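Inspection log for the structure reproduced underneath, given as structure tokens.
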Amino acid sequence: MLIVGSGAQGAVMAYYLGRSDAIDEVVCADVSLSRAQAAKRAARSKKVRAVALDAGRSTALARALRETDMVVNSALPRFNLPLTRAALAAGVHYQDLAADYARIRAQLALSKAYARKGQIGLLQCGGSPGVTNVLAREGVEALDTVDAIRLRLISKLEARTPVALWSAAVALEDMEEPPAVFRDGKVVRVAPFSEEEVFDFPEPFGPQPVLQHMHEEPITFGMFLGKGLRYVDLKMGGHHVYQMKAAMSLGLLGRKPVEAGGTSVVPRDLLVALSPPAMTPAEVPRLLARGDVIDATGCHVVQIEGTKGATRRMLRYIALGPSLREVQSWIPGATNMSYKVGVSAAILVEMLARGQVSPAGVYPPELLDDDTRAIFLERLRSNHITWELREAT
């Protein structure tokens, strides 16, 4: 199988799949050969090899797809649609980790063509989106009617020096996008960092403020989860969210040049340049050993509100990934985020290789069938990504 993009998530997938008896070979591909080689070294498996590949060059991509059974886009979401089309033409399965929001429907439009050829295209298969989609479907299936689904995400990073779990450029793209909310049968956009509330997360987080954040779930849940669903939103909390909110309020996300000391500067470019780069797999153990990074952890909550019979019900599915320190025992150099995203995605790759994923077509994880979801959720737990259901009042 071919992993396009050899960053943090791609490296975790390579490590996991390099140890799977369902996978014969893992190819780490990246526009940067050195990055692909770093992922190969981190994988520590003879089944993993590295190649240079520019996913924007259709001829090179088609040639690479002729030598594989499945391709995963672990690079930027803008490659999703061309990779989905290229995989269809090559007759191979496809998977990605996050959406190119403007082109979700164009990917889904390929579903019938995939199904006719017996191919599977799994969209948005990380932690959130990904695990959250499957948990939401579990909750919908447990109720007779569903009014609302509310997703609440929180993360915590303790460090003595500035560090980052994501690249600043990618984080900014995500944060400045007007969040999608599914309301009364249609998707609307709201202001970034708006509609603040305090949400009661499980320990060790407790009550935390959260803000509207752009994500895929309100878009696809509104398309595919029925039973009277009228509202879906996603709010996120944590230090990085409020840092970005402050940066936006100061104009530091602006793309127009401003004059500063006789020099023309683009505020957004300056912010990216001054932000710490994302920790690499090689750096994580050193930063932990020196005490520069203490630990990091996160939590996803999927709250489904509706009825069962004549009774109002509120179901909370809580997904707690392992901490940054804990994951070093299983995949050295991973972060808590890259572990949750990469392992969740790799589990589905492994299941697909074993013929455990259905139906055929192109779709997000909430449309996986009952047996597939059950296997996936069991495999999450066996890989230290725990989840539980709590009835809320």
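Just so we're aligned, residue 2 is where the sequence shown starts under my numbering, counting upward by one. Cβ coordinates follow ideal geometry from the N, Cα and C atoms, glycine included. Fair warning: this is a prediction, and the values are worked out from it, not measured in the lab.
6 Å CB neighbourhood of residue i in its chain, flanking five on each side removed
i, result
"G239", "I155, S156"
"D293", "R161, T162"
"L253", "P268, L272"
"A53", "L34"
"H301", "S129, T133, L154, A320"
Contacting residues, own chain, Cβ-Cβ under 8 Å from residue i (five flanking each side not counted)
i, result
"Q10", "S75, L98, G127, S339, V342, G343, A346"
"W388", "V132, L136, Y318, I319, A320, L321, L378, L381, R382"
"R104", "N81, L82"
"R190", "P179, P180, A181, V182"
C-alpha distance - residue i paired with residue j, whole-angstrom precision
i, j, result
"S33", "Y102", "26 Å"
"Q38", "T298", "28 Å"
"Y364", "D371", "15 Å"
"A395", "A87", "This structure leaves residue 395 out entirely; the chain is present only between 2 and 394."
"F194", "S330", "36 Å"
"L66", "K47", "21 Å"
"V164", "G92", "41 Å"
"F225", "W167", "30 Å"
"Y17", "T312", "43 Å"
"K246", "M215", "13 Å"
"S21", "T264", "54 Å"
"L369", "K113", "16 Å"
"A63", "I376", "32 Å"
"R36", "S359", "33 Å"
"L111", "D31", "25 Å"
Proximity test, residue i beta-carbon vs the ligand FMN heavy atom, cut-off 6 Å
i, result
"A347", "Questions concerning the ligand FMN fall outside what the structure shown contains, since it holds no ligand whatsoever."
Proximal residues to residue i (C-beta, below 7 Å), its chain only, five neighbours per side dropped
i, result
"R151", "D234, Q304"
"A361", "Y115, A116, G119, Q120, I121"
"G140", "V303, I305, L316, Y318"
"G334", "A43, P282, A283, V285, P286"
"A248", "L254, L272"
Backbone secondary structure at residue i - three-state DSSP
i, result
"K118", "coil"
"R382", "helix"
"G140", "helix"
"E351", "helix"
"I332", "coil"
"P268", "helix"
"P83", "helix"
"P323", "coil"
"Q357", "coil"
"P366", "helix"
"F183", "strand"
"A192", "coil"
"S250", "helix"
Distance CB(residue i)-CB(residue j) smaller than 7 Å
i, j, result
"M2", "M71", "yes"
"D148", "E367", "no"
"A56", "P78", "no"
"A181", "P219", "yes"
"E197", "P210", "yes"
"A23", "E392", "no"
"D296", "R231", "no"
"A169", "V273", "yes"
"R314", "L158", "no"
"E217", "P130", "yes"
"P323", "H241", "no"
"L349", "H94", "no"
"V49", "G6", "no"
Beta-carbon separation (whole angstroms), residue i vs residue j, contact threshold 8 Å
i, j, result
"T85", "G122", "6 Å"
"A51", "A40", "7 Å"
"R153", "F200", "5 Å"
"V188", "G223", "6 Å"
Residue-chain proximity (residue i, chain B), Cβ-Cβ < 7 Å
i, result
"R58", "No chain B is part of this structure, which consists of one protein chain only."
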